[in-house]
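Protein chains in written order, with the numbering used here: chain A, 22 to 116; chain B, 573 to 1060; chain C, 855 to 1347. One structure below.
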Amino acid sequence: MSIDSKTVKRVARLARIRVEDAELDHLAGEIGGIVAWIEQLGEVKTDGVEPLAALNGLTLPWRADIVTDGDKASDVLANAPQAVEGFFAVPKVVE
Amino acid sequence: MTDHKSGIVQGATGAWEMVIGLEVHAQVISEAKLFSGASATFGGAPNSKVSLVDAAFPGMLPVINGVCIEQAVRTGLGLKAKINDYSVFDRKNYFYADLPAGYQISQYKQPIVGEGEVVLDMPDGTSRKVGIERLHLEQDAGKSLHDQDPSLSYVDLNRAGVALMEIVSKPDLRTPEEAGAYLRKLRSILRYLGTCDGNMEEGSMRADVNVSVRKSGAPFGTRCEIKNVNSVRFVMHAIEVEAKRQVEILEAGGKIDQETRLYDPNKGETRSMRSKEDAHDYRYFPDPDLLPLVLPAGFVDGLKKSLPELPDEKKARFVSEYGLPPYDAMVLVGEKASADFYEAVAKGRDAKQAANWVMGDLFGLLNKAGKDIAASPVNPKALGGLIDLIADGTLSGRLAKDVFAFMFESGKSAAEIVAEKGLKQVSDTGALEAAVDAVLAKETDKVAEYKSGKVKLLGYFMGQVMKATGGKANPGAVQDIIKNKLGG
Amino acid sequence: MSELTELTIAEALAALRRRSISAKELTDAHIAAVEAARSLNAFIVETPLHARAAAKEADARYAKGEARAIEGIPLGIKDLFCTKGVGTTAGSNILRNFVPPYESTVTQKLWDAGAAMLGKLNLDEFAMGSSNETSAFGNVANPWRRKGENCKLTPGGSSGGSAAAVAARLCLGATGTDTGGSIRQPASFTGIVGIKPTYGRCSRYGIVAFASSLDQAGVFARSVEDTAILLGVMAGHDPKDSTSAKIAVPDFSAALSRGVKGLRIGIPKEYRVDGMPAEIDALWKKGAAWLKDAGAELVDVSLPHTKYALPAYYVVAPAEASSNLARYDGVRFGLRQPGKDLTDLYERTRAAGFGKEVRRRIMIGTYVLSAGYYDAYYLKAQKVRALIARDFAEVYKNVDAILTPTAPSAAFALGEKSADPIAMYLNDVFTVPANLAGLPGLSVPAGLSADGLPLGLQVLGKAFDEEMVFRVGRVIEQQAAFAAKPEAWWRVA
Chain A
22 MSIDSKTVKR VARLARIRVE DAELDHLAGE IGGIVAWIEQ LGEVKTDGVE
72 PLAALNGLTL PWRADIVTDG DKASDVLANA PQAVEGFFAV PKVVE
Chain B
573 MTDHKSGIVQ GATGAWEMVI GLEVHAQVIS EAKLFSGASA TFGGAPNSKV
623 SLVDAAFPGM LPVINGVCIE QAVRTGLGLK AKINDYSVFD RKNYFYADLP
673 AGYQISQYKQ PIVGEGEVVL DMPDGTSRKV GIERLHLEQD AGKSLHDQDP
723 SLSYVDLNRA GVALMEIVSK PDLRTPEEAG AYLRKLRSIL RYLGTCDGNM
773 EEGSMRADVN VSVRKSGAPF GTRCEIKNVN SVRFVMHAIE VEAKRQVEIL
823 EAGGKIDQET RLYDPNKGET RSMRSKEDAH DYRYFPDPDL LPLVLPAGFV
873 DGLKKSLPEL PDEKKARFVS EYGLPPYDAM VLVGEKASAD FYEAVAKGRD
923 AKQAANWVMG DLFGLLNKAG KDIAASPVNP KALGGLIDLI ADGTLSGRLA
973 KDVFAFMFES GKSAAEIVAE KGLKQVSDTG ALEAAVDAVL AKETDKVAEY
1023 KSGKVKLLGY FMGQVMKATG GKANPGAVQD IIKNKLGG
Chain C
855 MSELTELTIA EALAALRRRS ISAKELTDAH IAAVEAARSL NAFIVETPLH
905 ARAAAKEADA RYAKGEARAI EGIPLGIKDL FCTKGVGTTA GSNILRNFVP
955 PYESTVTQKL WDAGAAMLGK LNLDEFAMGS SNETSAFGNV ANPWRRKGEN
1005 CKLTPGGSSG GSAAAVAARL CLGATGTDTG GSIRQPASFT GIVGIKPTYG
1055 RCSRYGIVAF ASSLDQAGVF ARSVEDTAIL LGVMAGHDPK DSTSAKIAVP
1105 DFSAALSRGV KGLRIGIPKE YRVDGMPAEI DALWKKGAAW LKDAGAELVD
1155 VSLPHTKYAL PAYYVVAPAE ASSNLARYDG VRFGLRQPGK DLTDLYERTR
1205 AAGFGKEVRR RIMIGTYVLS AGYYDAYYLK AQKVRALIAR DFAEVYKNVD
1255 AILTPTAPSA AFALGEKSAD PIAMYLNDVF TVPANLAGLP GLSVPAGLSA
1305 DGLPLGLQVL GKAFDEEMVF RVGRVIEQQA AFAAKPEAWW RVA
């Protein structure tokens, strides 16, 4: 199945990656080629097969309800590109 | 504003029915967050209750808090719902400033709790069952502040990662009043269980309201979702204005766009949320940092055994054990604290009398003072003591009300106040006869009117006797004496 | 150059314990080697201060007889492991200036056992690549070159810097991660040993995530014994990682000498792929013969879904990556490009911060998870994955380990395969199935190509049976007696 530029644009928006219009066709070709190659998975009979949910018999461990973390605002903010009075700052969002 | 009882909006072409569903996000009561060890309690300096896991730093991983699992299961049991021993955590992928990882860990196709029900206690005394679709666990997002700076929004992640239970009702609600009753009942159940404090004003319980309209018998119409409404009153009003908005569009020949809206309490209307253009493709997939949640054998049964008596059961018991009318029982069991208070007062006393005092006098003064029952200056023992003084004739009902007001103000017991203020009821017939004689002697004109048939004046005479005795006369005895003396 | 950089870890530990060498000498020799090898571009950042401080501590401990498991051993760390206070870039522009305030569990275990850090090693950006050609910090050159040629070859990827550094004798060992073959394939291309343990054996806490259900920390060294020593330190349950197995770590080194007598070794027919170079097939047969000589029984087996492993991988891995990399958004750390609003900020930051391969994989991952495609691609791939795991489970009822080639070619020239993504993906054809099934895999250098380049053989084991993998690998190592070394063409002065 080939991918068109409109799809690439939609996917790029979902992924929040800016793609210039001039790149759209080329990217559509590349991604389309890879997706076409992936399509061979359709040859495999998978009726009644459960998708892999957990490897190697691993099961979900539960934690105790104790506060063991937090109180480290300086670590949390140390790499912030822009922080103001203990908050992360971003361009204003209008809802 | 209307009384919200009607689920019908009249249009030019006929009556439209409201169809309402509620998605409630309830913050789980726990010490730590759902997938990290940071504190889940409210407040604190910005970003002080944040683990690097909550802040989605590179290489950070989630580990699930067992108490949050318990709280979700207990809530499911309280909703008489199916508990799923096997459930899966999925990532819900979208970008927003208060969602550090760019995804929320939630549950999609296999939630921890399935179908259940909530019984609504309507004000007219009837009951109605509302279906629960599911309950699942998910992370809360952080908070963005948009009003601190002209060009910046500020992000605080303290709330990011706190455990939420998302409780989804079936679209069974038909009026704003029912929606209000549903929220109140749900909150009551959560508070009884201790799984959520249900504080909508503080944001620990939030409602997304789904509203659509249809002509009777028609299939469901397109619905709109009104997000994050944070009071029962606002929910009811939002439903009304949204239903009216939709009817207007449909009557004009338009169609409803499925969209997400916000309720503006200041303007009393709903408006479209700008950011939700993409009809959100959340690309749910099972979170590969977590394995499926499997509840161990006996886990659910163990929790079931230790559940407290819940509102519905308690209400039924109050009706059967105390002979209370269903409405009274419903009011008393609304909060577990009230129910417990009542039972302490009612023990060994007249149950109906106890109910009247708790629901009438106590709740009345508490409301006026803006206190809740936990902060009542009159405790069950004290109220019980007051009722005992009525029962043994020390106080009339009238006097008791005065005494109660003093008790509420001072925190003192009934006996102390009676002694201090000499408010004992006067039942001594000699004294009472003297008082009556004095009044009748004074009111000769009115006595004549009474004797000629104006028997309503009995009340007037009683009022005068009560005044003369400083309210302490035993009203029953006074009435008898007056009647005797006037031959009526 | 000194012989100190020619030692194995086992030899170095023995010499350090005997006090015939000091940790300071050992570290200084390696620091010098690192400085002289900058043209390989194996290191993103060098940390001589850290190394020297560790060496000092090590010498003090040896003097007191309090030496820990790998006291004073100089190692390189793939720049995907977060190291506290030391820049961690994941080979990406988007983390170019990121300094983590925390340490990964695996590296903490190495420091707690006395190792010294020489620096952070170059890698394909976010571990996405098979040739170390996608790093924002430039390509890494393989210390090996074709006989009589000067052109630079790839060391493989994504752990290209780690492999190159160990092969060039810049460090005694190096950590790596393996999601689709990123340890085993570079080990094969650079003539060293590399192990990817069972999924869940090592903690992923503090390792920059690429594909969570596939990523696993592992290690490079120049002998099977060395990798067993290092893995023994790195492995172990971590309560901070929910996918970490609550399983005891055996003494891997003790397994090495057990030989293969009486063991059954599977030879999977589906690994004989079309167009496979004859010399690789020949080496594989040789490897099988070595094991037979050593007393093992060779068994022909079938892993029927092998050919679908690569496409399944290239659905699952990008899907998980697209979600794992959503956190790189310019808000809390990393690069930020200004934007007219938040969405614009995200889009410009991520376009500028991520390289082409990463952007492409994120897009593919987003696509295969998107509405309407989830069932056909992601769900389908996870079902195929279940079948691949089942294939192995079936085969392992009958054999103790599996022998295959590690890679379908020797190291290729930089730039040779970067035009066609799928040609690059095919590098992982023999390694990817073990990641999908969560099984341990080891690559051992077994011979040289006609061009004089190293070729490796891969040993695959059952879940949590690294002991078996080390056992078989050791026999191959002994039989191969691979003593070739790259010529130090890169060395300055």
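Glycine included, each C-beta is placed from N, C-alpha and C at the ideal position.
Here the region 769-786 of chain B does not lie against the region 643-658 of chain B, with fewer than 3 beta-carbon pairs under 8 angstroms apart.
Separation of B/Tyr856 and B/Ser678 (C-alpha to C-alpha, rounded to the nearest whole angstrom) is 9 angstroms. At a cut-off of 9 angstroms between C-beta atoms, A/Gly54 counts as an interface residue with respect to chain C. The residue from C/Arg906, C/Ala1028 and C/Gly1295 with its alpha-carbon nearest to that of C/Asp1080 is C/Ala1028. Taking 9 angstroms as the cut-off, the beta carbon of C/Leu894 is found no closer than this to the beta carbon of C/Ile931. Under the Cβ distance rule, B/Ser725 counts among the residues neighbouring chain C, one pair being separated by less than 9 angstroms.
With fewer than 16 neighbouring CB atoms inside 10 Å of its own CB, B/Lys943 falls in the exposed class. Exclusion of the five residues before and after B/Ala923 leaves Tyr894, Gly895 and Leu896 as the residues of its chain whose Cβ lies within less than 7 angstroms of its Cβ.
From the beta-carbon of C/His884, no residue of chain A is found nearer than 8 angstroms; the closest lies around 30 angstroms away. Taking C-beta separations shorter than 8 angstroms and ignoring five residues to either side along the sequence, the partners of B/Asp861 in its chain run Leu633 and Pro634, following chain order. Contact of A/Arg37 with chain B by beta-carbon distance below 7 angstroms involves Phe667. Residue-level contact by beta carbon holds for B/Ser602 and chain A, with a gap shorter than 9 angstroms. Taking C-alpha positions only, B/Ile989 is separated from B/Met1034 by approximately 25 angstroms.
Rounded to whole angstroms, the gap between the alpha carbons of C/Leu1179 and A/Leu48 is 19 angstroms.
Counting the other CB atoms within 10 Å of its CB gives B/Arg843 a total below 16, which places it among the exposed residues. Contact of A/Lys113 with chain B is assigned, a C-beta pair being separated by under 9 angstroms. When Cβ-Cβ separations below 9 angstroms define contact, B/Ile636 makes contact with chain C. DSSP lists B/Val685 as the bridge partner or partners of B/Ile655. With its beta carbon less than 9 angstroms from one in chain A, B/Ser716 belongs to the interface. Looking at the backbone, the Cα of B/Leu1030 and that of B/Lys1055 are separated by about 8 angstroms. Counted as a single uninterrupted DSSP element, the beta strand (DSSP E) harbouring B/Thr842 occupies residues Glu841 to Ser844. Between C/Ala1148 and C/Lys1115, the C-beta gap is smaller than 9 angstroms, which places the two residues in contact.
Ranked by Cα distance from B/Lys757, the options B/Phe792, B/Ile798 and B/Pro695 are led by B/Pro695.
Apart from the 5 residues on each side of it in sequence, B/Asp712 sits with its Cβ closer than 6 angstroms to the Cβ of Arg731, Val734 and Leu736 in its chain, given in chain order. By the neighbour-count criterion, in which 16 or more other beta carbons inside 10 Å mark a residue as buried, C/Val960 falls on the buried side. At a beta-carbon threshold of 8 angstroms, the residues of chain A lying near B/Gly609 are Arg84, Ile87, Val88, Thr89, Asp90 and Gly91, ordered along the chain.
In the structure shown, the three-state DSSP call for C/Met1130 is coil.
Under the three-pair Cβ rule at 8 angstroms, the region 603-616 of chain B does not count as touching the region 828-840 of chain B. Closer than 9 angstroms to the CB of A/Glu106 there is not a single CB belonging to chain C.
Taking a Cβ-Cβ cut-off of 7 angstroms, A/Leu45 has no neighbours in chain C, whose nearest Cβ is about 11 angstroms from it. For C/Leu1196 and B/Val685, the gap between their C-alpha atoms comes out near 36 angstroms.
For B/Lys876, the enclosing alpha helix (DSSP H) begins and ends at Phe871 to Lys877. Listed in chain order, the non-local C-beta contacts of B/Ala1045 below 7 angstroms within the same chain comprise Val998, Leu1004, Ala1007, Val1037 and Met1038, local neighbours out to five positions each way being set aside. Contacts with chain B at 9 angstroms (Cβ-Cβ) include C/Ser958.
Taking the Cα of C/Pro1259 as reference, the smallest distance to any Cα among C/Gln1039, C/Ala1247, C/Lys878 and C/Glu911 is reached at C/Gln1039. Taking a Cβ-Cβ cut-off of 7 angstroms, the neighbours of B/Ala628 in chain C comprise Arg1181, given in sequence order.
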